[in-house]
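First comes the structure, then the notes that go with it.
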Amino acid sequence: MNERDIGAEILKGLEEIAAWKKGEIELKTTELKLPTAHDVANIRERMGVSQQRFATFMGVNVHTLIDWEKGQREPEGSARVLLLVAEKQPEALRKAFNMG
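Here the sequence shown is numbered in this note's numbering, starting from 9 and rising by one per residue.
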């Protein structure tokens, strides 16, 4: 097994950051589009679960979920990340949370 030199990797990363700040190199960036209230109902429906069950899974009150689905409130923070996982890997979440 190949041993990693974590110290060298950290130093290399710091050197790359310094070069980027000076405009010497461009770093690869990836924009992450997190789901918004507009996406919630579609994600839940694709998972095939009720509003009550999805709200429980998301750790929010069902009225909060309904407000998201109506576009009256926006999911925030970790809820948006969990929605992203539900959107991209619904089968894994159904299995992990015994959702059918």
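All residues carry an ideal CB built from backbone N, CA and C; glycine is no exception.
On a predicted model such as this, the values are computed, not experimentally measured, just so you know.
With distances taken from CA atoms, which of the options is nearest residue i?
i	options	result
SER86	ALA94, GLY79 and GLN80	ALA94
ARG61	ILE25, GLU84, LEU22 and MET107	MET107
LYS78	ASP13, ASN50 and GLU17	ASN50
GLN80	VAL48, ASN10, THR37 and GLU17	VAL48
Considering residue i, what are the terminal residues of the alpha helix (DSSP H) in which it resides?
i	result
SER86	85 to 96
GLN59	59 to 66
Can you tell me which of the three DSSP states residue i falls into?
i	result
THR72	helix
GLY21	helix
MET107	coil
GLU82	coil
ILE51	helix
GLU77	helix
GLY31	coil
GLU11	coil
LEU101	helix
Check your understanding: Do the region 73 to 92 and the region 39 to 50 make contact, defined as three or more Cβ pairs closer than 8 Å?
Key -> yes
Exercise for review: Kindly confirm or deny that the region 20 to 27 and the region 66 to 73 touch, where touching means at least three C-beta pairs closer than 8 Å.
Suggested key: no
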